[in-house]
Amino acid sequence: MFGKWKRSVVAIVVGVVGMMQAVFAAPEPQNVSLKAADGVAIQGKLYQADQPKALILLFHQAGSNYAEYSTIAPRLAQEGFSALAIDQRSGGTLFGRSNETVKALGHSTTYIDAEPDLEAALAWATTQNLPIAIWGSSYSSALVFLVAAKHPNEVKAVLSFSPGEYLGKPNSVRDAAAKVNVPIYITSSKDQEEINSAAAILKASPAKQKTQFIPKVGGVHGSSTLRTDRNLKGNQENWTAVLVFLKDVFK
Numbered sequence: 000m001f002g003k004w005k006r007s008v009v010a011i012v013v014g015v016v017g018m019m020q021a022v023f024a025a026p027e028p029q030n031v032s033l034k035a036a037d038g039v040a041i042q043g044k045l046y047q048a049d050q051p052k053a054l055i056l057l058f059h060q061a062g063s064n065y066a067e068y069s070t071i072a073p074r075l076a077q078e079g080f081s082a083l084a085i086d087q088r089s090g091g092t093l094f095g096r097s098n099e100t101v102k103a104l105g106h107s108t109t110y111i112d113a114e115p116d117l118e119a120a121l122a123w124a125t126t127q128n129l130p131i132a133i134w135g136s137s138y139s140s141a142l143v144f145l146v147a148a149k150h151p152n153e154v155k156a157v158l159s160f161s162p163g164e165y166l167g168k169p170n171s172v173r174d175a176a177a178k179v180n181v182p183i184y185i186t187s188s189k190d191q192e193e194i195n196s197a198a199a200i201l202k203a204s205p206a207k208q209k210t211q212f213i214p215k216v217g218g219v220h221g222s223s224t225l226r227t228d229r230n231l232k233g234n235q236e237n238w239t240a241v242l243v244f245l246k247d248v249f250k
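Numbers 0 to 250, taken from numbering that gives the first Met the number 0, label the letters of the sequence shown in order.
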């Protein structure tokens, strides 16, 4: 009797785990190679949703690479958003891999020098016949405002994780945000200085749909706030807020 009950419990657990794996199974990413306007080769990974509502361009933080999104992009694809993560020319070896763009170039550049890489990703995205959102982490969360300001017809939404005036000129990010009218999602860690910096940039934008999410349970710098290995307690509240925004914008 006990043996049958034990086997039934095991079968139920295995079945539940199997269903969870089916729901969150990562799509097989595709290699994507781009070329910036100045000829620099940009490497990336594309995660395709089955019936995508939009295409999200994912840009990493300082010292990083597209592996920053190795657990984030698959979740986005499962939620119906195709996602391209690239190796920008300002980056490094965080998250357990080398930045291929930096490696080929021979050195990491300044943050502002990486803007052509974002532009190259956007140019590629415009050929995919999907609405486009651009998503930045730390220094690239500042660059996305510059790109969105220059491409008001192509960019349909901006997501910015821990933005600040990182680009060498006072107020350059706020000045760009003042030209961005599309829906904006902005967040940060729980650090008050980060919260204030994000609020100042968001306030500069005339967009009608603006969201500043301030984490209550837990938040860390950049897109890592969505990773369980970087934000174990607070990643779910951050995911909930992000997905509410995306599903509202791309209905």
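Where a beta carbon is used, it is the ideal one built from N, C-alpha and C, also for glycine. Nothing here was measured: the structure is a model prediction, and the numbers come from that model.
What runs of the beta strand (DSSP E), each 3 residues or longer, lie entirely inside the segment 140–189? 154–160 and 183–186
Give the DSSP bridge partners of Ala48, in chain order. Ala48 is not bridged to any residue.
Simplified DSSP state of Gly217, which is helix, strand or coil: coil
Secondary structure of Gln29, DSSP reduced to three states: strand
Buried or exposed: where does Ala84 fall if 16 or more other Cβ atoms within 10 Å of its Cβ makes it buried? buried
Using three-state DSSP, classify Val22 as helix, strand or coil. For Val22, the predicted model reports a pLDDT of 46, less than 50, meaning its position is unreliable; a value from the coordinates is still stated below. DSSP places Val22 in helix when its eight states are reduced to three.
Alpha carbon of Ala206 to alpha carbon of Asn98, nearest angstrom: 34 Å
Give, in chain order, every unbroken run of the beta strand (DSSP E) that is at least 3 residues long and sits entirely within the segment 40–110. 40–46, 53–57 and 80–85
So, helix, strand or coil for Ala132, using DSSP? strand
Euclidean distance between Cα positions of Tyr110 and Pro51: 31 Å
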